[in-house]
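Residue numbers (this note's numbering): 18 to 197.
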């Protein structure tokens, strides 16, 4: 007979099953993530291979269901918390990611309102392609004036976001080097 202490230390069968289902769902979300973002997650090679295999299978197929169960089993070997955080960032759910997007939107609006914002961008990000930003700004202003779809407006946002993300990646590398 087991003692009450040992029984309470081990999770119940229901709790273990819920945990496994949650890991499988997390694995299903990984299958939907783009390859470039998946590489950033630093997943074990066998899990990456299983995810790639699941992508090749038909959506409503028993083979895919079994593959997803296998991915759930492999997920038990990794820490799910960094994966959850990365998926939240990919979906734009993390507060940090939302704040970054809002800063980029504000920067775009400042740039559209006044071309002198390019000077601030040049100071903040010395590697920024100012000529491209200037031409995107000019095209976005013309689009807005003519009532055309905001193609260049969106492209300006993408360019600014790329500049900000490359700067954030550089800062992360600097922080890692400082920690070592």
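Even glycine gets a Cβ: it sits at the ideal position worked out from N, Cα and C.
Exercise. Reducing DSSP to helix, strand and coil, say where residue 144 ends up.
Key: Note: residue 144 maps to coil in three-state DSSP.
Practice problem: Answer with buried or exposed for residue 83, where buried requires no fewer than 16 other C-beta atoms within 10 angstroms of its C-beta. | Solution: Here residue 83 is exposed: its Cβ has fewer than 16 other Cβ atoms, across all protein chains shown, within 10 Å.
Quiz item: Counting Cβ pairs closer than 8 Å, one from the segment 113-122 and one from the segment 133-140, do we hit at least three?
Solution: Judged by Cβ distances under 8 Å, the segment 113-122 makes no contact with the segment 133-140, as fewer than three pairs qualify.
Quiz item: Within 10 angstroms of its Cβ, does residue 150 collect 16 or more other Cβ (buried), or is it exposed?
Solution: Counting Cβ neighbours within 10 Å, residue 150 comes out buried, since at least 16 surround it.
Exercise. Spatial neighbours of residue 48 within its chain, please: CB distance less than 7 Å, with the 5 preceding and 5 following residues excluded, ordered by chain position.
Key: Close CB contacts of residue 48 within its chain, under the 7 Å cut and outside five residues either way in sequence, are with 68, 71 and 72 (chain order).
Quiz item: Less than 9 Å separating the beta-carbons of residue 153 and residue 172?
Solution: Inclusion of residue 153 and residue 172 in the CB contact set at 9 Å is warranted, their separation being smaller than that value.
Quiz prompt | Collapsed DSSP secondary structure at residue 27 in the structure displayed | solution = Coil.
Self-check item: Three or more C-beta pairs below 8 Å linking the segment 74-89 and the segment 34-53
Solution: Yes: the two stretches touch, three or more of their Cβ pairs being nearer than 8 Å.
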